[in-house]
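Participant: Got a structure for you, questions after.
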Amino acid sequence: MKSFTRKEILRLLGFIGVSTVLGSVASKFQGIKSSVDKSFKDNPVIEKERLPDSGPWPTKDPFLFCVHHNDHYPKGNSSLGPIETLQGRDIGQDFSNKNGWSMYHGHKIPGFPRHPHRGFETVTVVREGLIDHADSLGSAARYGNGDVQWLTAGDGIQHAEMFPLFNKTKSNPMSFFQIWLNLPASRKRVKPNFTMFWADSVPIINVQDSSGKLSTITLISGRYGQNHSPKPPADSWAAKKDSDVAIWNIKLSSGATWVMPKTNKATVRSLYLINSGDIILNSERISGKSKVEIKSDIDIKIKDLGQGMELLLLQGRPISEPVSKHGPFVMNSQSEIREAYHDYQKTQFGGWNWDSDAPVHGSDPKRFAKYINGETEYPG
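Written as structure tokens, this is what we have:
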């Protein structure tokens, strides 16, 4: 069956030095030691390709999808939408990036009104801005500015993710990654749920090279030295000890050198160069705004050659099962896809008890999460 972009889916329905860990996860200096191949002569690049100017980035098993939404929204109005006119936009399908921002599938407030999923997980990493979550289980959240939402669609869920614009006196920038991580066949029909990793629980490791230049590694998933990310949901592929799943957001300051430590040979590593500029991987020069599949069983020295580079690492041992994708569903066969559509039409995956297909949670920007069990959680 045809593969779909996210737009189409929603239409269908130096050296390692001293490191510090920021946030509540640790409060002291901690040295990181690794077994480093000091020669760095091996070419680490398996393949490379340019990233598209817009839309989803290419991924490898166990990942299904990755997109970087980077919108420079204007001032907000009294309804938490953009103060600027929406004329000239294809409202409901606005991926135009006109004036530096899009409404996506939102009509008054930008974002993605309710839509279903089954058979995989979404990991939403919000670097700047706030997102309002609502789902068919009755759960809700407002998260952002360093928070991560990990949603296990499992047997089926409807959800909405909207982008309220709270600031009425200046612009409302929004930047986040949404990553789809596959579930193995044995976990595709588990109960749906979502987990919040609040910003102060996500480790940020500072590493200085021999010249004192800084790199930072944010651990959304995986381990770096003795530092561990928050635990992924129990049903996730990332929860398996031998899955070797890692999601790291890496920032190299201008001219900084950082060594990515080796891992298991069976692991697939995709490194995304987010901004323009060049870096060197061991001896290979790579231009920005590209994706590089790199060897996983060698240490790789990464050297920035410009004004700093931001990287996203998606890493994991492949699930190596058949993948059948159609619209918002990812299963192992076409018959399971047909079953998913039938189940959704019959049950609506729990229905929708919200007043709107695009709910937002009031004008107070306070972050929170209300879970399926009725518990409400606040960060900090």
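Taking our numbering, the leading residue of the sequence shown gets 173, the next gets one more, and so forth. Where is the CB? At the ideal position from N, CA and C, for every residue including glycine.
#1: Assign PHE212 to one of three DSSP states: helix, strand, or coil.
#2: Roughly how many whole angstroms lie between the Cα atoms of ILE392 and ASP304?
#3: Which first and last residues belong to the beta strand (DSSP E) in which TYR444 is found?
#4: Under 8 Å, do ILE470 and VAL464 count as touching if we go by C-beta distance?
#5: Could you pull out every residue in the same chain whose Cβ sits closer than 7 Å to the Cβ of GLN479, ignoring the five residues on either side in sequence?
#6: List, from N- to C-terminal side, the beta strand (DSSP E) runs of 3 residues or more that fit wholly inside the region 380–465.
#7: What separation, rounded to the nearest whole angstrom, lies between the Cα atoms of LEU443 and ARG395?
#8: Are the Cβ atoms of ASN454 and PRO216 separated by less than 8 Å?
#9: Using 8 Å as the Cβ pair cut-off and three pairs as the minimum, do the region 257–270 and the region 291–305 touch?
#10: My output table needs one value for ALA357: the three-state DSSP class, helix, strand or coil.
#11: Would LEU236 and VAL295 be called neighbours here (beta carbons separated by less than 8 Å)?
#12: Taking the Cβ atom as the reference point for each residue, do ILE451 and LYS475 lie within a distance shorter than 8 Å?
#13: According to DSSP, is HIS241 helix, strand or coil?
#14: Along the chain, where does the alpha helix (DSSP H) that runs through ASP515 open and close?
#15: If you reduce the DSSP assignment to three classes, tell me which class ALA313 lands in.
#16: Short of 8 Å in beta carbon distance, which residues of its chain neighbour PRO345, apart from the five on each side in sequence? Order them along the chain.
#17: Please name the residue, chosen from VAL431, ILE389 and TRP526, that lies closest to SER382 on a Cα-to-Cα basis.
#18: What's the call for ASP414, buried or exposed, on a 16-neighbour Cβ count within 10 Å?
#19: Could you pull the start and end residues of the beta strand (DSSP E) that ARG148 belongs to?
#20: DSSP state of VAL193, grouped into three classes?
#21: Got a sec, what are the start and stop residues for the beta strand (DSSP E) TRP322 sits in?
#22: If you drop the 5 nearest sequence neighbours on each side, which residues of the same chain put their C-beta closer than 8 Å to that of ARG489?
#23: In terms of residues, what are the limits of the beta strand (DSSP E) holding LEU599?
#24: Would you say the region 264–276 touches the region 313–328, given that touching needs at least three Cβ pairs under 8 Å?
#25: Leaving out the 5 sequence neighbours to the left and right, which residues in its chain are closer than 7 Å to GLU547 when beta-carbon positions are compared?
#26: Looking only at its chain, what residues have a beta carbon closer than 6 Å to the beta carbon of GLN520, apart from the 5 residues adjacent to it on each side?
#27: To test your reading of the DSSP string, which unbroken alpha helix (DSSP H) runs of 4 or more residues are found completely within the region 271–295?
#28: Give the straight-line distance between the Cα atoms of LYS200 and LYS363, rounded to the nearest whole angstrom.
#29: Determine the direct distance from the alpha carbon of LYS518 to that of LEU445, and round the result to whole angstroms.
#30: Taking just the CA atoms, how far does HIS240 sit from ILE255?
#31: Closer than 6 Å by C-beta to TYR516: which residues in its own chain qualify, once you throw out the five before and the five after it? Chain order, please.
#32: Measure the alpha-carbon distance for VAL532 versus PRO551 and round it to whole angstroms.
#33: Roughly how many angstroms lie between the CA atoms of GLU456 and LEU309, to the nearest whole one?
Facilitator: Walking through what the data contain:
#1: Here DSSP, grouped into helix, strand and coil, assigns PHE212 to coil.
#2: 20 Å
#3: 440–445
#4: no
#5: For GLN479, where only same-chain residues beyond five positions count, the Cβ hits under 7 Å are SER426 and GLY449.
#6: 386–393, 418–424, 429–432, 440–445, 450–453 and 456–459
#7: 16 Å
#8: yes
#9: Fewer than three beta-carbon pairs drawn from the region 257–270 and the region 291–305 are found closer than 8 Å, and the two stretches are therefore not classed as touching.
#10: helix
#11: no
#12: Cβ atoms of ILE451 and LYS475: closer than 8 Å.
#13: strand
#14: 506–519
#15: Assigned with DSSP and collapsed to three states, ALA313 falls in strand.
#16: ASP243, HIS244, TYR245, GLU300 and GLY301
#17: When only C-alpha atoms are compared, the closest one is VAL431.
#18: exposed
#19: Past the edges of the chain, shown from 173 to 552, lies residue 148, and the structure says nothing about it.
#20: For VAL193, the predicted structure reports a pLDDT of 45, less than 50, and the residue's modelled location is therefore unreliable. The matter cannot be settled from this model.
#21: 320–324
#22: PRO234, ASP414, SER415, ASP416, VAL417, ASN436, ALA438, THR439 and VAL440
#23: One cannot answer for residue 599 here, as it falls past the ends of the chain, which runs 173 to 552.
#24: Touching, no.
#25: none
#26: none
#27: none
#28: At LYS200, the pLDDT of 27 sits below 50, so the modelled position is not reliable and the matter cannot be decided from this model.
#29: 43 Å
#30: 24 Å
#31: PRO288
#32: 19 Å
#33: 49 Å
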